[in-house]
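Read through the structure below, which is laid out as structure tokens, and then see the notes.
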Amino acid sequence: MPEPGKKPVSAFSKKPRSVEVAAGSPVVFEVETERAGVKVRWQRGGSDIGASSKYGLATEGTRHTLTVREVGPADQGSYAVIAGSSKVKFDLKVTEAEKAEPVLAPAPAPAEATGTPGEALAPAAELGESAPSPEGSSSAARNAPTSGAPDDPIGLFVMRPQDGEVTVGGSITFSARVAGASLLKPPVVKWFKGKWVDLSSKVGQHLQLHDSYDRASKVYLFELHITDAQPAFTGGYRCEVSTKDKFDCSNFNLTVHEAMGTGDLDLLSSFRRTSLVLGPGSSAQGAAVLPPATAWTAGHRDSKLEAPAEEDVWEILRQAPPSEYERIAFQYGVTDLRGMLKRLKGMRRDGEERAQKKLEPAYQVSKGHKIRLTVELADPDAEVRWLKNGQEIQMSGRYIFESIGAKRTLTISQCSLADDAAYQCVVGGEKCSTELFVKEPPVLITRPLEDQLVMVGQRVEFECEVSEEGAQVKWLKDGVELTREETFKYRFKKDGRRHRLIINEATLEDTGHYELRTSGGQALAELIVQEKKLEVYQSIADLTVGAKDQAVFKCEVSDENVRGVWLKNGKELLPDSRIKVSHIGRVHKLTIDDVTPADEADYSFVPEGFACNLSAKLHFMEVKIDFVPRQEPPKIHLDCPGRIPDTIVVVAGNKLRLDVPISGDPAPTVIWQKAITQGNKSPARPAPDAPEDAGDSDEWVFDKKLLCETEGRVRVETTKDRSIFTVEGAEKEDEGVYTVTVKNPVGEDRVNLTVKVIGEAGQGPSWRTQRGSPKEGLSVRSFSPPSEPTHLAVEDVSDTTVSLKWRPPERVGAGGLDGYSVEYCPEGCSEWVTALRGLTEHTSILVKDLPTGARLLFRVRAHNMAGPGAPVTTTEPVTVQEILQRPRLQLPRHLRQTIQKKVREPVNLLIPFQGKPRPQVTWTKEGQPLAGEEVSVRNSPTDTILFIRAARRAHSGTYQVTVRIENMEDKATLVLQVVDKPSPPQDLRVTEAWGLNVALEWKPPQDDGNTELWGYTVQKADKKTMEWFTVLEHYRRTHCVVPELIIGNGYYFRVFSQNMVGSSDTAATTKEPVFIPRPGITYVPPNYKALDFSEAPSFTQPLVNRSVIAGYTTMLCCAVRGSPKPKISWFKNGLDLGGDARFRMFSKQGVLTLEIRKPCPFDGGIYVCRATNLQGEAQCECRLEVRVPQ
């Protein structure tokens, strides 16, 4: 069907052509309409033509003809044919009889042609239009046979696409018609170039595919439209049409001819009217655009239409004003006015520059402002391109292109630092360049810092707000810049214009003045850190408890973050299963369960970091109680409705285990007995607690056998609260009545259990309760079939299989669940067929080998030892046929943008998809199938993977993945960019050297690594040492000035290119050194007064008291300053430690460390660090406590 928004299709399927005939001869013009019954009008000079002796009009179906008899000079002129809203013009030219060439009338039969043999020309109906269409295109489909020709006897085509010719820049349309009367759905048509290239992936500016359907004639029309043809379009093409059970294809060729040069004598042949008749086998398309040597039969050329060799029409048109273009074109026979104007636009006047007003050498703009770059052109119709750092700028929200007369303006709104670059304006072959400098405004402080007062250990947060987002700031404390230390004490956060400095746990050393500096101001605040004072809200109290009681010591302090240690008689108390220590908020609690005399002691709570101690005493109180033993009569606990349990059924060969719970104090004695029965002897006495009719039986009690073995096949095990009777491999002789008796000094209890053995060993269902667990409490249920399964549903259907699933039945029954059976029957039948042999334990099944297209009902039954249960049946018949699901690609979000990979990195692109049956997956790159062993594709039923083991630059490009099911498909496009390091810059040279400065200039690298350059790194090296030092990093321009060089030295310079991958492997280096000459000035050094920097030692960080565990190496640290460097001595309890090998002393940049290796309790004491120099001495001390682990 026609696409929305497409231009209306012409009412004519075949149009008349302009012809040239000899005077006195008849001529026939023929047209064909798209459908029959359309009213057609013929006109000459704007007036309608009717049937007369001069003109003959005929209509046959869709074919309409106009016959002009005995053509004379008066009949020469312009004619037109009108059908609906479509109108086609054509010309008739009459020549003298001796100069005219014979014309073949456009009748279908060749026998109606006039003229001599061998000189017959192609029918007029097969020629192209005399004047180009409004779009300047030609149609290769019009070369096809007329509708009167017989249809293709075998294939699907009613009309096949024909060969065509076109000049460079022209347009051409190939058409194919397919009969649709016998088709149930539209056919699938594919256009190919060569053998494999699918043109559907090339649809764009130069190629379009159109299709339509004529309901009256039931014919499908498919068109391939090529615009702006290029020489590369030349080649063989193929059109394939396929339906469900038919296939046909047709091959055709396209020839693209080069346009003639301006100096050629046949230049105007590409713009002349094509009213002359072509030779046999020539196409109308080629006649409109080819030179005369191709369009005319050999040896025939009209000298009247040739331009004189001495006149150059292009020079005449170039010098003439635009108002004279139409007159000159008519005078010289140029009909393709659009092509002529396009050619004139590209021609450049001699001695005239395209740009009258060029760009300034440089522009400057403030960040966030707008700037306009304007040039003025000499030719108002010239095309302009704007470049940024050599890359063409595309129009976007920030870049706006304006064209007002001869002025061209590039507007950049909201300039940022990224817009600081070199810009070029390109007009044809001319370029004008400029540089744009973006000035960053000073960052001002809009909200200053605030002073803070906190306690030790609290969190501190300074917040400041500046005028710009993402601005660079510095944090300082007492004039020293703060950095992220290894301990991560300081944290810096940015949130838009807000900047924060965070100190997680403040200490006394954090007291000071904090400052934030920006390029346009500073903010200052003071932080005061005070020591915490601990207050005791509730102290622990003395306790007096008895044996087996619980003792709880509780205290409450002012700080909920304070931790502490509980001591018992001065030793740390460790928690265990009986002693528990808890800390909830400000409350600390010690709980002692089941208090014993050993727990009587002094208990203390010592908060960490505070010099306080909370103590209390625990008193133990003894209570003597006379023991009176408790007695309880024995009892058997059975899980059954009445006193008499149901018969216990067990299959022969299976294991029987009877678990009987009992109770009683003291523990009762359990006796198991089995009654030995004999049929038809003497009546047996009923068992105790049995009903009156218990003795009315065919069996007679003969004797009772005592069961007391603890090992063997039949055994009895007794514990404190239960008795277990076990029979390994039940046999028929194990049937009978078992009596369980429990006794103790207080009383007695008894119960009879009946056991029945069924079946042979190894046969039949096994007796079990609750999925094979031991029969605990003798909860006996009656056997019954299970209920029907629930939620039966069809999960999937294919051509031969059906997948079913269901849920277990709500009632399983005492016999458990052995499995499920599945059956099916055709719709309307009553005979059910088993879908699988035996039973299945799963709640899903795949039924295979089903007849395709059959409508079947399915049912499922649950089985147990009591037999099959009620079935559950599908509510509707299931048609055994594949469910068609449209293919769909689920492209992940990260693959929708450009995928960047470094060279030699693996590429693994996984794309899930959906569709039934399994879609066919196709990968292409730039429209071509993937080639080479390095790129592999792995497909599964649910996803496809494109894998490249080691990426190379050649792998960059646009990849397209297509999933197809019959005529349905889905496509996704992925852009892969493989990047590498750039090559070094080119042509590095020294442009100027003055004073202490050197100016360098270079060209961008030849290879940018397939990505944007981030800048350049400029380095210098002294000729004497050849040590390289970096001067500039991430420098974006291609010229710079290296300042502050040393007089009298020679320097080499080199430049590296840098992109997102890294710097180039090599650099561009200057070949010769640049010397900085010495000026003729004598330097007199000034006299400075010598300053005395001597300073007495002072400790900037004193020693801190420590408490450590014996056996673990510890260190004592402090910091000292002084000039000259002081001498350090360490003492313990007044003794010098310099000669003791167990102590190691370190001093690094004023930080002093004493290492004590594996200290013991004897290493505890007072340690002193003394620093001495010529200006004095200083010392600091600390106490070290070494604890022995408990």
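Using my numbering, you'd call the opening residue of the sequence shown number 763 and step up by one each time.
Note that beta-carbon positions come from the ideal geometry of N, C-alpha and C, so glycine has one too.
Values in this document were obtained by computation on a predicted structure and should not be read as measured data.
Beta-bridge partners of residue i, as assigned by DSSP
i: I1207; result: V1228
i: P1369; result: G1326
i: I1661; result: L1738
i: I1871; result: R1949
i: M1877; result: E1917
i: M1383; result: G1308
i: H1801; result: E1763
i: K1193; result: V1188
i: R939; result: M921, L983
i: F1620; result: Y1586
i: I1673; result: T1706
i: L971; result: L986
i: Y1161; result: I1174
Simplified DSSP state of residue i, which is helix, strand or coil
i: A1523; result: Unreliable placement is indicated for A1523, whose pLDDT of 49 sits below 50; the coordinate value is still reported in the next sentence. Reduced to three states, the DSSP call for A1523 is coil.
i: R1949; result: strand
i: E1585; result: strand
i: V1075; result: helix
i: E782; result: strand
i: E1479; result: strand
i: E1267; result: coil
i: S775; result: strand
i: L1653; result: coil
i: Q1937; result: coil
i: Y1954; result: Look at the range of the chain in this structure, 763 to 1952, and you will see that residue 1954 is not part of it.
i: I811; result: coil
i: V1101; result: A quick correction: the sequence has Gly, not Val, at residue 1101. Looking at G1101 - three-state DSSP - the assignment turns out to be helix.
i: Y1721; result: strand
i: K1894; result: strand
i: D1010; result: strand
i: Y1087; result: helix
i: A994; result: helix
i: F1250; result: coil
i: P1507; result: coil
Residue nearest to residue i in terms of C-alpha spacing, selected from the options
i: E1469; options: D1483, E1490, V1432; result: Reading the sequence as shown, one finds Leu at residue 1469 and not Glu. Checking every option, the nearest Cα to that of L1469 belongs to V1432.
i: A1429; options: I1354, F1382, G1509, K1467; result: G1509
i: T1787; options: Y1813, L1807, L1775, S1158; result: Y1813
i: I1707; options: T1724, Q1312, R1714, P1548; result: T1724
i: D1902; options: V1640, R779, G1371, R1919; result: R1919
i: G799; options: S1909, V1096, S1565, G823; result: G823
i: P1547; options: S1485, P1633, R1617; result: P1633
i: I1398; options: V1291, S840, R1512, F1675; result: R1512
i: A1124; options: V1228, E1197, T1501, T1605; result: E1197
i: Y817; options: R825, D976, T795, Y841; result: Y841
i: G1777; options: V1298, L1807, A1184; result: A1184
Chain-order list of residues whose beta-carbon lies under 7 angstroms from that of residue i (same chain, five-residue window excluded)
i: I1710; result: P1668, V1669, E1696, V1697, H1717
i: E1939; result: P1859, R1932, A1933
i: T1876; result: R1868, V1870, I1918, P1921
i: G1719; result: K1687, E1688, L1738
Whole-Å CB distance - residue i paired with residue j, under 8 angstroms assumed
i: A1285; j: L1296; result: That pair is no contact at about 35 angstroms.
i: V833; j: A785; result: 6 angstroms
i: V1137; j: C1194; result: 7 angstroms
Neighbourhood of residue i by C-beta, 6 angstroms cutoff - its chain only, sequence neighbours within 5 removed
i: K1466; result: Q1435, A1437
i: S1281; result: P1204, V1205
i: E1230; result: V1205
Residue i Cβ short of 7 angstroms to the ligand MG heavy atom set
i: S1339; result: The ligand MG is not part of this structure, which contains no ligands at all.
Below-8 angstroms beta-carbon distance, residue i vs any chain D residue
i: P1395; result: Any reference to chain D falls outside this structure, which holds one protein chain only.
Own chain residues within Cβ distance below 8 angstroms of residue i, not counting five before or after
i: D913; result: Confidence in D913 is poor, its pLDDT being 43 and thus under 50, which makes the residue's placement unreliable; the coordinate value appears in the next sentence. Contacts found: V920, A941.
i: I1520; result: V1411, V1412, V1413, A1414, G1526
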